[in-house]
Amino acid sequence: MKEEETNGNSRSLRCNERGVEGFLSAVDPRQWLNGISSPTEAITMAVEVAIIACLSLMFILVCTKCFIPLLRCSISVAKPPKK
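Taking the working numbering, the leading residue of the sequence shown gets 4, the next gets one more, and so forth.
Dropping the structure here:
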């Protein structure tokens, strides 16, 4: 029976069901820091967070400086001139 539970093929229908409590515990920021046990892991996590922040900022800048003006220009060109 133990092997069936680890494979996700349990006889009980509700055994493998995930609830709101499990989701909320995964979203809790205090739980994210529980696995850090060495300074190397803390530095690695800080570098990963910095990379994600930089990539997010670059994405926002590209959207606001390139895609949005290009889209606005293409929409304004498509309209017929008013008389």
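Note that beta-carbon positions come from the ideal geometry of N, C-alpha and C, so glycine has one too.
In this text the structure is predicted, and so the values were computed from the model without any measurement.
Query raised in the report: Do you know how far the Cα of K85 is from the Cα of L58?
Result: The residue labelled residue 58 in the question sits at position 55 within the sequence shown. The residue labelled residue 85 in the question sits at position 82 within the sequence shown. If you take the alpha carbons of L58 and K85, they lie about 42 angstroms apart.
Report task. Flag G25 as yes when its Cβ comes closer than 7 angstroms to any non-hydrogen atom of the ligand MG, and as no otherwise. Result -> Because no ligand of any kind appears in the structure shown, any question about the ligand MG cannot be addressed here.
Query - Boundaries of the alpha helix (DSSP H) in which F26 is found, first to last residue - result: In the sequence shown, counting from the first residue as 1, residue 26 sits at position 23. Taken as a continuous stretch (DSSP letters only), the alpha helix (DSSP H) holding F26 covers 23 to 30.
Requested in this report: Inspect the beta-carbon positions of S28 and Q34 and report whether they are closer than 8 angstroms.
Outcome: Counted from its first residue, the sequence shown places residue 28 at position 25. Counted from its first residue, the sequence shown places residue 34 at position 31. Their beta carbons are under 8 angstroms apart, which means S28 touches Q34 by this criterion.
Requested in this report: Could you check the C-alpha separation between L73 and V65 for me, to the nearest Å?
Outcome: Translated into positions along the sequence shown, residue 73 becomes position 70. Translated into positions along the sequence shown, residue 65 becomes position 62. Cα to Cα, L73 sits roughly 11 angstroms from V65.
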